[in-house]
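Chain order of the listed sequences is V and W.
Here the first sequence is numbered in the working numbering, starting from 176 and rising by one per residue.
Here the second sequence is numbered in the working numbering, starting from 7 and rising by one per residue.
The beta-carbon is built from N, C-alpha and C at its ideal position, and this holds for glycine as well.
These notes are about the structure you will find just below.
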Amino acid sequence: MSTVFIALQTNEETRQVIEAIVQDNPDAVVNEQPAMVKIDAQDRLVIRRETIEELIGRPFDLQELQVNLITMTGNLDQTDDEMVLYWNA
Amino acid sequence: MDMQAAKKKLGLKERYAVMTRGLDWTPSYQKMEDIYPYVAYEGIKIHDWDKWEDPFRLTMDAYWKYQAEKERKLYAIIDAFNQNNGHLNVTDARYINAVKLFISGISPLEYVAHRGFAHAGRAFPGPGPRVACLMQSIDEIRHAQTQVHSISNYNKYYNGMHDFHHAHDRVWFLSVPKSFFDDALTAGPFEFMVAIGFSFEYVLTNLLFVPFVSGAAYNGDMGTMTFGFSAQSDEARHMTLGLEVIKFILEQDPANVPIVQRWIDKWTWRGYRVLTLVAMMMDYMLPKRTMSWKEAWEIYFEENGGALFKDLARYGITMPKCAGQIALEKDHLSHQAWSTFYNYAAAANFHTWMPDDDEMKWLASKYPDSFDKLYRPRYRFWREQAAKGNRFYSKTLPMLCQVCQIPMVFTEPGEPTKTCYREVDYRDDKYHFCSDHCKKIFEDEPEKYTQAWLPVHQIYQGNCFPEGSDPTAEGFDPLAEVLKFYNLEHGRDNLDFEISEDRKNFAEWRGQATRNI
């Protein structure tokens with residue numbers, strides 16, 4: 176098992192994004208650090224557009240995440256509907 | 007009237023394919039090797055450039071859109087910070103020395119990274135990596151500019167930052183980050199990508215930006231926090247590209263594996279040595295600490311890097327050998343670095359100081375195996391000496407490592423009371439190294455590293471005095487002349503924090519900000 180993570184700025188735009196990540200990855204661990212939130216998961220973390228849209232009540236383009244992204248790790252695969260971080264090993 | 011049916015938008019994958027593929031043509035009257043002269047000599051074999059894919063699938067139109075948004079956010083905050091005298095809200099004026107270190111040590115590297123990615127992008131015959139390099143090149147110049155803009159507000163009030171680029175090209179310890187990037191920039195395009203895109207951005211950059219930016223936030227520095235976050239949002243993309251670079255090169259040809267492994271070994275070590283500055287910044291220069299260097303190393307290198315190299319094992323890539331030595335150094339690195347800067351405070355563009363009792367307590371709790379035994383007694387002695395009026399400033403010049411250019415202050419792996427020295431005879435000269443890893447890098451490419459511009463050697467050769475000065479004149483003060491060459495003012499830009507103008511001004515201004523005088 177290896178940890179993948181994503182870190183986002185703490186702000187009003189990411190509040191629901193983080194909520195969505197927690198909904199879609201029940202085992203993810205949320206670490207609140209000064210001005211940022213780091214979310215760790217084992218081997219795989221998925222961020223789904225639909226879940227975010229339900230929570231924010233408007234259409235959301237996953238590329239909007241770029242604006243508030245701090246760092247991440249793992250292999251990435253991004254489509255219109257989801258962004259997946261994963262380790263192969 | 008017919009309703010115009012909205013055309014279905016292309017999906018992300020298709021959009022990426024349309025905007026990054028088929029942009030090239032086959033030259034008819036020039037040879038490919040004349041157009042791309044640097045692509046073959048490093049020995050890397052690429053069979054299909056189209057296999058390169060940016061996993062974010064970012065296209066130029068989306069790039070401009072999101073970058074513009076980042077800039078608008080950033081500059082609104084910088085304005086607010088400046089309008090509200092934000093510089094007086096930092097924890098205490100010692101913190102500003104971390105900003106000085108950043109603007110003179112790191113920001114100029116952003117500019118060089120801009121040049122490096124422009125150069126690497128031009129060298130690759132594939133449009134996918136070219137688009138990615140173009141974006142990164144523009145990101146890097148944005149980082150240089152936003153850092154200069156944000157920090158310029160500090161420069162209005164505090165010393166040592168007035169000529170940061172001049173300093174970067176001359177000041178002895180700034181040759182460490184400068185030579186690191188110059189080394190990468192003068193390598194071939196593939197090595198540059200592995201050096202900066204992978205080893206620095208992917209493996210090590212979290213250690214630079216995340217603690218630094220989080221540290222700025224913790225210490226009330228909204229300006230630095232904001233440019234840091236703005237840059238960091240690009241870094242996440244750079245890191246992803248760095249990993250993609252490696253996977254792409256490794257998948258193209260098995261013959262690439264040993265070449266890439268050597269570069270990973272070399273650049274992880276080179277980058278780690280540069281991060282010495284970050285280690286001491288985290289443990290000593292942030293009045294309010296976020297995490298120790300050792301903790302950051304464990305999270306971002308040992309844990310995260312461990313996962314990464316496990317993932318890359320399927321290509322035959324292994325954890326860089328230097329990881330073993332780094333693990334042994336993590337209890338000592340920041341303390342040895344800070345001790346060095348404390349001693350050389352007369353020749354630096356920022357102030358140093360001795361940690362107070364609370365800070366020593368924090369250090370002891372974070373470094374239970376080393377601090378009380380090895381470093382606290384040393385600091386206590388220096389503090390006593392300073393109290394008696396004997397604050398010590400070393401005015402002799404240290405021996406430098408030929409590769410990382412750091413003074414040879416590091417200790418033998420596992421023997422923290424014995425200084426580590428290595429040497430190599432090459433042609434008719436002797437070369438010195440701080441470690442087996444720097445020595446190995448030299449032995450692999452001696453022709454390159456014999457040309458290093460070592461600040462100490464240059465001072466001894468008389469190349470670091472202002473024009474017209476006469477080293478043979480009676481009463482010639484070499485340090486004073488070197489400081490003039492650096493464009494630093496003795497007694498204002500250097501020496502101990504306790505006696506600094508920064509400390510005095512900050513206290514006065516903070517007083518004025520809260521009272522009506």
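| Cross-chain neighbours of valine 216 of chain W in chain V, by beta carbon under 9 angstroms | Ala182, Gln208, Met211, Lys213, Ile245 and Thr246
| field | Run of the alpha helix (DSSP H) containing phenylalanine 180 of chain V, from where it starts to where it stops | value | Looking at the DSSP string, phenylalanine 180 of chain V is not in any alpha helix (DSSP H); the run it does join, the beta strand (DSSP E), is 178 to 184.
| query | So, helix, strand or coil for glutamine 208 of chain V, using DSSP? | reply | If DSSP states are grouped into helix, strand and coil, glutamine 208 of chain V belongs with the strands.
| request: Kindly identify the DSSP beta-bridge partner or partners of arginine 219 of chain V. | output: V:Tyr261
| task | Report, in whole angstroms, the separation of the C-beta atoms of leucine 180 of chain W and serine 113 of chain W, which I expect to be a contact under 8 angstroms. | result | Contact check for leucine 180 of chain W and serine 113 of chain W: beta-carbon distance about 11 angstroms, past the 8 angstroms limit, so the pair fails to qualify.
| field | Contact residues within the stretch 204 to 236 of chain W, judged by C-beta distance below 7 angstroms to chain V | value | Asn212, Val216, Ser220, Ala223, Tyr224, Met231 and Phe235
| query | leucine 244 of chain V: which of V:Ala203, V:Val212 and V:Asn200 sits nearest, CA to CA? | reply | V:Val212
| Under the three-state DSSP convention, the category proline 461 of chain W falls into | helix
| Where the beta strand (DSSP E) containing valine 430 of chain W begins and where it ends | 428 to 432
| In or out: glutamate 325 of chain V buried (at least 16 other Cβ within 10 Å) or exposed? | Residue numbering for chain V in the displayed model covers 176 to 264; residue 325 of chain V lies beyond these limits and cannot be assessed.
| field | Close Cβ partners of asparagine 161 of chain W (< 7 angstroms) along its chain, the five nearest in sequence each way excluded | value | Met167 and His168
| said: In whole angstroms, give me the CA-to-CA distance for valine 259 of chain V and valine 179 of chain V. | reply: 10 angstroms
| said: the ligand FMN and proline 383 of chain W: does any heavy atom of the ligand fall closer than 8 angstroms to the residue's C-beta? | reply: In the structure on display, the ligand FMN does not appear, and there are no ligands present to speak of.
| Alpha-carbon to alpha-carbon, threonine 402 of chain W and lysine 394 of chain W | 22 angstroms
| message | Can you check which of these residues, W:Pro43, W:Pro217, W:Ile447 and W:Gly221, is closest to aspartate 189 of chain W by C-alpha distance? | response | W:Ile447
| Is alanine 201 of chain W near lysine 253 of chain W, with beta carbons less than 9 angstroms apart? | no
| Local Cβ density within 10 Å of isoleucine 255 of chain W, reported as buried at 16 or more and exposed below that | buried
| said: Helix, strand or coil for proline 383 of chain W? Go by DSSP, reduced to three states. | reply: helix
| message | From the DSSP secondary-structure annotation, give me the bridge partner or partners of asparagine 250 of chain V. | response | V:Tyr261
| message | Suppose contacts are defined by Cβ-Cβ distances below 9 angstroms. Is asparagine 153 of chain V in contact with aspartate 317 of chain W by that definition? | response | Absent from the structure is residue 153 of chain V, since the part of chain V shown begins at 176 and ends at 264.
| By the criterion of Cβ-Cβ separation under 9 angstroms, what are the contact partners of tyrosine 72 of chain W in chain V? | Gln238, Glu239, Gln241 and Val242
| By a C-beta neighbour count over all protein chains shown, 10 Å radius and 16 as the cutoff for buried, is threonine 192 of chain W buried or exposed? | exposed
| For methionine 360 of chain W, which residues of its own chain have a beta-carbon under 8 angstroms away from its beta-carbon, when the five flanking residues on both sides are left out? | Tyr348, Tyr385, Trp388, Arg389 and Ala392
| message | Pairs of beta-carbons, one from the stretch 483 to 494 of chain W and one from the stretch 351 to 367 of chain W, closer than 8 angstroms: are there three or more? | response | yes
| request: Assign phenylalanine 215 of chain W to one of three DSSP states: helix, strand, or coil. | output: Phenylalanine 215 of chain W falls in the helix class under three-state DSSP.
| field | Beta-carbon gap between alanine 242 of chain W and glutamine 241 of chain V smaller than 9 angstroms | value | Taking 9 angstroms as the Cβ cut-off, alanine 242 of chain W and glutamine 241 of chain V qualify as a contacting pair.
| Closest residue to phenylalanine 398 of chain W among W:Glu418, W:Thr358 and W:Asp435 (Cα-Cα distance) | W:Thr358
| request: Could you say if the stretch 62 to 78 of chain W and the stretch 134 to 153 of chain W meet the contact criterion of at least three C-beta pairs nearer than 8 angstroms? | output: yes
| Residue(s) in a DSSP beta bridge with glutamate 197 of chain W | In the DSSP output, where bridge partners are listed per residue, glutamate 197 of chain W has none listed.
| message | For alanine 104 of chain W and alanine 203 of chain V, what's the separation of their Cα atoms in angstroms? | response | 34 angstroms
| task | Go ahead and pull the three-state DSSP assignment for proline 133 of chain W. | result | helix
| Cβ neighbours of glutamine 238 of chain W in the same chain (closer than 7 angstroms, five flanking residues each side left out) | Phe215 and Val219
| said: Looking only at its chain, what residues have a beta carbon closer than 6 angstroms to the beta carbon of histidine 149 of chain W, apart from the 5 residues adjacent to it on each side? | reply: Glu116 and Ala237
| task | Find out if the Cβ-Cβ distance for the pair glutamate 239 of chain V, tyrosine 72 of chain W is shorter than 9 angstroms. | result | yes
| query | In chain W, which residues lie with their C-beta within 9 angstroms of the C-beta of glutamine 250 of chain V? | reply | Sequence check: residue 250 of chain V is asparagine here, not glutamine. Chain W residues near asparagine 250 of chain V: Pro61, Thr246, Leu249, Glu250, Lys253 and Asp317.
| query | Among W:Glu453, W:Glu197 and W:Trp178, which residue has its Cα nearest to the Cα of threonine 346 of chain W? | reply | W:Trp178
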